[in-house]
Each structure stands twice: as structure tokens, then as C-alpha cells.
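**Student:**
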Amino acid sequence: MKQDEATYTLILKYIEGKASEEETAEFLQWIDQSPENKILYFKIKDAAEALSKNESQVSANPQVWASITEKYNREEKTDKKGIKFPKLWRYAAAVILLAGAALLYSRHDNSTWITIQVAKNEAMKKVLLPDHSQVWLKPGSSIHYPSNFEQVSRIIDLKGDGFFEVAKQLDSHGNRKSFTIKTAALSISVLGTSFNVQQHGEEEGVVVNTGVVRVETKNQVTTLHPGNRVLLKNKQLIPSNVNASLYKGWMTGNYEFNNTSIEEIRELLELTYNVTVKIDQPEQFKNIRLSGRVVAKTEQEFLELLKPMLSASIVKQQNTITIKPNRL
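Numbering follows this note's numbering, with no gaps: position 192 of the sequence shown is 192.
Here is the structure:
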């Protein structure tokens, strides 16, 4: 099998939920190799969903459709495990048709792709996008988007953490244009709002400050309003209500506590600084609630300020922070 066909098969089996554990691991490794791979995956996923709703829209050019389906139709064939692909290759063909190329995987469109990266040893970076939306990128994070994204569709690939203030924009019909952020596991769609996207290992979180945000995975969809947060954990979206301003502290340096528990502090530290937090004797902290504002520009400053507030010792070794109550 050609490499392109193998790649499409892997993507489509994952979309259809037919990938084995080994294939799923291979897919996750492939999608993490480059922003282009993520964009390709979401193009196929979006086209597959659109096609499943209305295949006739993709058959506008019968000659092109016929030439594509002749090459990729596998309705009567199965793989070695006996899995049929009556829909999968039609989805792939639809993507190829929509992209206007027979080998989408190995070719790029004519637009210039812009990548903005912030090294781990650099300061936070503020980015002004062509549509006047603003992004604050945490060190170690990056965004990837086409130079003409304002003219077509506003889609950005994000790796790492970013705070977004999305400018409202109208299309030619007077409707608000959506703004979509793609991560390895989430698709986040908004019209005009501000929100925080954070990634810690396989966990990803979205916290909304203003407006309305739609968060989508392969199997779930949820809508968030100001003060809502959703955490992707063990492949499940877990919603909760939080103090949204606290989660933008990494950007502003201002951390505003409002009856904040030790568990919320643990999650905040893990998402903000991409660390693992261990709490020794957690029962000693169960009645502690923090309120007030602290100013900390660095992780070390923040941890030092937390020590007296929690009456605890806080030690960081490599990538693990341990919080232990002070002895009486």
C-alpha cells in the first residue's frame, strides 16, 4: 500500500472509531509530528462529518468525483482483519475533491503558513493576528496559521498554552465569522470572546472569561459561558465552574483568589506551569480557602507567596511540586 493510502486509512479508521490500540498509538504519534498533520486530520474530519450529513454537496463535479472514486472506492474489499471501508474512502475522496488535489497529504496549498514560537527560556509573547485578534503565548508554546486565514476561515493550530481575545468579524452576508483553535484533541470554536487554553500532558483545559465557546472532541461537544471550564481528562470532557480570572494569572501576573481550595490550586499549578503537583496530608488542607490578590511574575515568586498563605512548605524537584503542611 502506498504511504498516502496508509496515512489516509489510519486517519479514517481513527475517525470511524475502528482503530486498534496499536493504530491509535501510531495515529497519535503521527498527528504530533507537525502542525500540518493536525490540520490535515481536522480537514478530513470536518469533510467526513459534512459528507455524512449531505454527500450530494460533494458530488458537484461528477467527472472529478468519478475519477476519484474509481481510484479509491473499496466498497467490496476488506483489509486483512476484515474491516470494510464503504464510507472511509468516500470521505477521503471528498477531502481530496474539496482540496482540489489528489495527494493532499504530500502537497501544500498556495497560502504561506506562518508559525510563531516562543522558546521555553523566552518571555511570554503577545501576538496580533491579521484579523486584529490577540494571542498571549506562554513560553514553550506555538501557533500555526495561513497568512490568508482572515480572508477564508479563521483557523489556528495551537501547541502549548495561549490566552485568546478574539475580534468579532462579519462575513459577506453580515454573519459573524467563527474563529477555531485546533489542538491535538480539541476543536474550540468562538465568534468573539476571551478564553484560556492550557495543555498539560494528555490533559487539556479551556476556561472562558467572556463570550461563548464551543469545545469539541471526537465524541463529545460542550458549550461554555463565562466562568465555565472544561477539562479533557482520560478522553472525557469534565465541566466545572471556576474563577476564570485566576487562570489568566500566568499572562497578567495577577492571581485573584476567591474562596479557592487546595484542589483548585493544584490544578492551577499543573496547568499553568506544566508540572505534577503532589499534596502531602491533603486532609490538613481541606478547610483552607484562599481569597485576595497576589502579584507574581514567575513560578518561583508564586510558590514563595503560596507558602505562608497555605502554611505549608513547597518544594520543587525537577518537574514535580510537593506541598506539605507545616508542623505545629
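Positions of the beta carbon are idealized from the N, C-alpha and C atoms, including for glycine. None of these values were measured; they are calculated from a predicted model.
1) Report yes if the CB atom of Ile-288 is closer than 8 Å to the CB atom of Ile-262, and no otherwise.
2) Is Glu-330 helix, strand or coil by DSSP?
3) With 16 other CB atoms within 10 Å as the buried threshold, where does Glu-301 fall?
4) Is Thr-210 near Ser-187, with beta carbons less than 8 Å apart?
5) Between the alpha carbons of Gly-292 and Leu-269, how many angstroms are there, rounded?
6) Ser-245 to Gln-33, Cα distance in whole Å?
7) Quick one: is Pro-146 buried, meaning 16 or more other Cβ sit within 10 Å of its Cβ, or exposed?
8) In three-state terms, what does DSSP make of Gln-198?
9) Closest to Lys-332 by C-alpha separation, out of Leu-12, Ile-321, Asn-148 and Pro-130, would be which residue?
10) Going by alpha carbons, who is nearest to Gln-169 out of Leu-129, Thr-276 and Ala-185?
11) Expressed to the nearest angstrom, what Euclidean distance is found between the alpha-carbon atoms of Thr-7 and Lys-125?
12) How would you write the range of the beta strand (DSSP E) that Thr-222 sits in, first residue to last?
13) Only counting the same chain, and skipping five residues up and downstream in sequence, which positions put a Cβ closer than 6 Å to that of Tyr-273?
14) Considering Cα atoms alone, identify which of Lys-177, Val-135, Arg-176 and Ala-167 is closest to Leu-158.
15) List the DSSP bridge partners of Asp-32.
16) Going by the CB atoms, is the gap between Gly-253 and Lys-307 shorter than 8 Å?
17) In chain order, which beta strand (DSSP E) runs of at least 3 residues are fully inside the region 268-326?
18) What residue range does the beta strand (DSSP E) around Gly-249 cover?
19) Roughly how far, in whole angstroms, is the beta-carbon of Val-166 from the beta-carbon of Ser-133, given that I think they are within contact range, below 8 Å?
20) What three-state label does DSSP hand Asn-37 in the structure shown?
21) Among His-144, Glu-203, Phe-163 and Ala-185, whose alpha-carbon lies nearest the alpha-carbon of Thr-24?
22) In angstroms with no decimal places, state the Cα-to-Cα distance between Gln-117 and Gly-140.
23) Taking C-beta to C-beta, are Lys-120 and Trp-250 nearer than 8 Å?
24) Please report the residue range of the beta strand (DSSP E) in which Arg-214 lies.
25) Per DSSP, Tyr-14 is paired with what?
26) From the DSSP output, read off the bridge partner residues of Pro-239.
27) Using 10 angstroms around the beta-carbon of Ile-238, count the other beta-carbons present and answer buried if the total reaches 16, otherwise exposed.
28) From the DSSP output, in three-state form, read off Ser-245 for me.
29) Would you mind working out which of Gly-162, Arg-154, Gln-29 and Val-127 sits nearest Ser-178, comparing C-alpha positions?
30) Measuring only from the beta carbon, is Asn-326 closer than 7 Å to any heavy atom that is part of the ligand ZN?
31) Report the rounded CA-to-CA distance for Val-190 versus Tyr-41, giving the unit in angstroms.
**Tutor:** Reading off the structure:
1) yes
2) The first residue shown for the chain is 1 and the last is 328, placing residue 330 beyond what the model contains.
3) exposed
4) no
5) Approximately 17 Å, taken between the alpha carbons.
6) 33 Å
7) Answer is buried; the Cβ neighbour count reaches 16.
8) strand
9) Within the shown structure, residues of the chain are numbered from 1 to 328, placing residue 332 beyond reach of any answer.
10) Leu-129
11) 35 Å
12) 221-224
13) Glu-299
14) Val-135
15) None; Asp-32 has no bridge partner.
16) no
17) Counting whole runs of 3 or more residues, the region 268-326 contains the beta strand (DSSP E) stretches 276-279, 290-295, 312-317 and 320-325.
18) Note, Gly-249: premise wrong, no beta strand (DSSP E); alpha helix (DSSP H) at 249-252.
19) 5 Å
20) helix
21) Ala-185
22) Between Gln-117 and Gly-140, the C-alpha separation is close to 7 Å.
23) no
24) 213-216
25) For Tyr-14, which the question treats as bridged, DSSP gives no partner whatsoever.
26) Bridge partners of Pro-239: Val-230.
27) exposed
28) For Ser-245, the secondary structure class from DSSP, reduced to helix, strand or coil, is helix.
29) Arg-154
30) The model depicted lacks the ligand ZN and carries no ligand whatsoever.
31) 20 Å
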